[in-house]
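Asks:
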DNA sequence: TGAAAACCGACTAATATAGTCGGTTTTTAT
DNA sequence: ATAAAAACCGACTATATTAGTCGGTTTTCA
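Protein chains in written order, with the working numbering: chain A, 180 to 309; chain B, 180 to 309.
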C-alpha cells in the first residue's frame, strides 16, 4: 500500500550520489548517476531538474558541468527530497472527501501523515552517507 | 505523496459504519452504508467482500441480511483494515529494486514502513467510534 | 568552434485505480 | 411455494497516474 513512486526512489538515490561528491571541485553529471544507479537517463534528467527547482541542488551547464548539492548534506532531509518530487504531499486530501463532517476517518489519515512527516524530517542526507 | 486509495478510504468508513451497529441483532446492508457514506454501491460491495475474506466482517445472505463485525471493535485495528484492502503492503518492495546492495536508500523506506505500521496498529475501530 | 553538458516541454506507453455490469445463490417474510 | 432482498462473484471498461521517451535549445569550456 501507499507505494513510493519510482520518481521518488530514483530521486533519493540520485541525491545520495550527489551528496557523496559534496566538497569536490567538479559537479557530477546526470549521465554518470544514471549509469551508476541504472536509472533511465531522460527520466532522471527530469527528476534532477525538479530537485534543482526546489533548491536542493545547483546545476552548471556546459563541459565539466553537472550538479552539486546547494547546501551541506546535514541540512537536507528526506522530507525535503520527497516534497520536491511529489505534488500532493498528503496521503489524503480532505478537501476532496466532500463529506468533511461525516468523515470520521480523517483522524487516521492525519495521524499517518504526521508520523510520516516526522520520520522523513528526522532523516538527513548526511546520515545516509554512512 | 503516497496517496491512500479510495478503496481503502471507503473501506475504513464502511468499517466504522458497521462497527457502530456492533451488538445490534440485525446486520447492516451494503446499500445502507453506500447511501449514508455516498459511496458507489457496486464498488463498495467489492470492498466489503474483501473485508469479509480477511475475516473482519461476517456476511449474512437473504432478506434481513447484511454485514456485522466478526469480533469486537477493540480487536480490529486500522492496520487490519488497510492490509485487507491493499495487496502490496510495503511502500517499497526491495526485491523489485534489482540493485539490492547498491540501494543505500532502502533504510529510509524501511523506516517509513515501520512508522506507518506502528501508527496503524495503534488505532482501533473502538477508538474511532468516539 | 565544437563537444558536452544542463535545460525544457510535449508526447507516448504502461500500469493501477475506480467504477460498472450481469449474473448466481441464499435466506426470509408472506 | 414463492417472491423479494440481500450477499456473493468474476469479467469488463473507463479514467488517472506513473514511467519513460523524444527532439530540441542554451550554456560553458577546452
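Glycine included, each C-beta is placed from N, C-alpha and C at the ideal position. Given the structure is predicted, the values throughout are model-derived calculations rather than measurements.
1. Taking contact to mean at least 3 C-beta pairs separated by less than 8 Å, is the segment 180 to 191 of chain B in contact with the segment 198 to 214 of chain A?
2. Taking the alpha-carbon positions, what's the residue 306 of chain B to residue 244 of chain B distance?
3. Name, in chain order, the residues that DSSP records as bridge partners for residue 303 of chain B.
4. Quick one, are the C-beta atoms of residue 197 of chain B and residue 261 of chain B less than 8 Å apart?
5. When the distance is taken between beta carbons, is residue 238 of chain A closer than 8 Å to residue 231 of chain A?
6. Have a look at residue 276 of chain A and residue 302 of chain A and give me their C-alpha separation to the nearest angstrom.
7. Please state if the CB of residue 304 of chain A and the CB of residue 218 of chain A are separated by a distance shorter than 8 Å.
8. At which residues does the beta strand (DSSP E) containing residue 238 of chain A begin and terminate?
9. Quick check: the Cα distance between residue 234 of chain A and residue 224 of chain A, rounded to an integer number of angstroms?
10. Note the first and the last residue of the continuous alpha helix (DSSP H) segment covering residue 189 of chain A.
11. Looking at the C-beta of residue 294 of chain B, does it have a partner C-beta in chain A at a distance below 8 Å?
12. Can you list the residues of chain A that residue 197 of chain B reaches, using a CB-CB cut of under 8 Å?
13. Which one of B:291, B:257, B:309, B:286 has the shortest CA to CA distance from residue 372 of chain B?
14. Which class does residue 291 of chain A belong to by DSSP, given the choice of helix, strand or coil?
15. Going by DSSP, what residue range makes up the alpha helix (DSSP H) through residue 230 of chain A?
16. Suppose you measure from the CA of residue 201 of chain A to the CA of residue 250 of chain A; what does that come to, to the nearest Å?
17. Would you identify the three-state DSSP class for residue 248 of chain B, choosing helix, strand or coil?
Replies: On the basis of the coordinates in this document:
1. no
2. 27 Å
3. B:256
4. no
5. yes
6. Any reading at residue 276 of chain A is ruled out, since the residue's pLDDT is 45, under 50, leaving its predicted position unreliable.
7. no
8. 236 to 239
9. 15 Å
10. 185 to 199
11. yes
12. Simply none; closest approach about 12 Å.
13. Summary: the structure shown does not reach residue 372 of chain B, with chain B confined to residues 180 through 309, and so no result is reported for it.
14. helix
15. 220 to 232
16. 9 Å
17. strand
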